[in-house]
């Protein structure tokens with residue numbers, strides 16, 4: 280990774296244009312990080328992560344463009360469209376025998392409003408013959424998007440089509456326990472910050488166990504993020520039915536892993 284960052288305190292017009300140019304020139308690509316069954320460490324899916332190979336600066340850290348996406352909805356939409364199309368292309372390139380798991384990707388909740396994301400998926404994912412249940416849509420926590428009726432309805436429509444929905448980074452962003460009572464989702468990704476001091480610190484461990492008990496009671500799949508140490512991997516391996524993600528299992532890699 281290159282340590283340079285194109286983003287300052289606020290993206291300039293030049294920075295916005297450069298990200299758009301990078302998307303148009305296919306300087307962006309996807310890396311995939313496996314999501315595993317914590318008990319057996321076997322891959323059940325993979326998260327698609329956007330990466331930028333700048334022609335002059337090499338591989339840039341995500342911080343070089345994430346702020347631009349967060350502050351410019353039009354560019355964020357172009358990035359989402361790229362991700363969906365690339366996932367569809369990558370799946371099409373796989374032999375059918377290797378399409379057993381799911382692929383997840385991040386979207387801003389506002390991108391669901393008005394059926395925009397649904398139409399994109401119908402045109403560029405379903406139209407290529409891919410199964411909707413093979414896609415897990417992760418709703419980002421960084422956007423302070425209220426859980427309005429329109430968003431609730433779009434989540435319902437996407438799930439009715441067969442797509443699966445997850446809440447990303449639960450526990451450190453804008454999603455709350457009240458949201459879990461209002462919408463049905465298939466999975467919740469527990470933020471890496473919740474795992475940071477587990478199992479060394481008793482209070483942190485109890486908070487994580489409490490969150491897992493709630494999700495288990497709701498019948499919602501828990502995905503524990505940020506598993507980086509052998510101690511953390513051993514701890515999550517003792518959690519029934521949990522999935523996990525982190526460097527302890529695999530770093531992001533080019534190309535879809537064998538699922």
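Residue numbers (our numbering): 280 to 538.
Glycine is no exception: its CB is placed at the ideal position from the N, C-alpha and C atoms.
Is the separation between the beta-carbon of residue i and that of residue j shorter than 8 Å?
i, j, result
"residue 324", "residue 382", "yes"
"residue 405", "residue 411", "yes"
"residue 470", "residue 476", "no"
"residue 310", "residue 330", "yes"
"residue 524", "residue 510", "no"
"residue 294", "residue 347", "yes"
"residue 465", "residue 426", "no"
"residue 445", "residue 317", "no"
"residue 415", "residue 443", "yes"
"residue 380", "residue 322", "yes"
"residue 468", "residue 502", "yes"
"residue 392", "residue 358", "no"
"residue 352", "residue 306", "no"
"residue 544", "residue 399", "Here the chain has residues from 280 to 538 only, and residue 544 is not among them."
"residue 454", "residue 478", "no"
Measure how close the beta-carbons of residue i and residue j come, nearest whole angstrom, since I'm counting them as under 8 Å.
i, j, result
"residue 315", "residue 449", "With 8 Å as the limit, residue 315 and residue 449 do not qualify as a contact, their Cβ atoms being about 19 Å apart."
"residue 552", "residue 387", "As displayed, the chain neither begins before 280 nor continues past 538, which places residue 552 out of reach and without an answer."
"residue 486", "residue 473", "6 Å"
"residue 332", "residue 364", "That pair is no contact at about 18 Å."
"residue 299", "residue 354", "6 Å"
"residue 328", "residue 531", "5 Å"
"residue 438", "residue 463", "7 Å"
"residue 436", "residue 397", "6 Å"
"residue 362", "residue 344", "Their Cβ separation, rounded to whole angstroms, is 13 Å, which puts residue 362 and residue 344 out of contact at 8 Å."
Around the Cβ of residue i, are there at least 16 other Cβ atoms within 10 angstroms (buried) or fewer (exposed)?
i, result
"residue 371", "exposed"
"residue 537", "exposed"
"residue 500", "buried"
"residue 312", "buried"
"residue 338", "exposed"
"residue 496", "exposed"
"residue 401", "exposed"
"residue 292", "exposed"
"residue 377", "exposed"
"residue 407", "exposed"
"residue 535", "buried"
"residue 506", "buried"
"residue 430", "buried"
"residue 447", "buried"
"residue 287", "Because the pLDDT at residue 287 is just 46, under 50, the model does not fix this residue reliably, and the point stays unresolved."
"residue 296", "exposed"
"residue 480", "exposed"
"residue 456", "exposed"
"residue 490", "buried"
"residue 375", "exposed"
"residue 413", "buried"
Going by DSSP, name the residue or residues bridged to residue i.
i, result
"residue 522", "316, 502"
"residue 416", "384, 444"
"residue 531", "Beta-bridge pairing links residue 531 to no other residue."
Indicate whether at least one CB of chain C lies closer than 8 Å to the CB of residue i.
i, result
"residue 299", "Among the chains of the structure shown, chain C does not appear; only one protein chain is present."
Practice item. Entirely within the segment 305 to 378 and at least 3 residues each: give me those beta strand (DSSP E) ranges in chain order. Key: Here the runs fully enclosed are 307 to 316, 321 to 333, 337 to 339.
Exercise for review: Could I get the ranges of all uninterrupted beta strand (DSSP E) runs contained in the segment 424 to 490, with 3 residues as the minimum, in chain order?
Suggested key: Runs of the beta strand (DSSP E) lying entirely within the segment 424 to 490, each at least 3 residues long, are 443 to 449, 466 to 469 in chain order.
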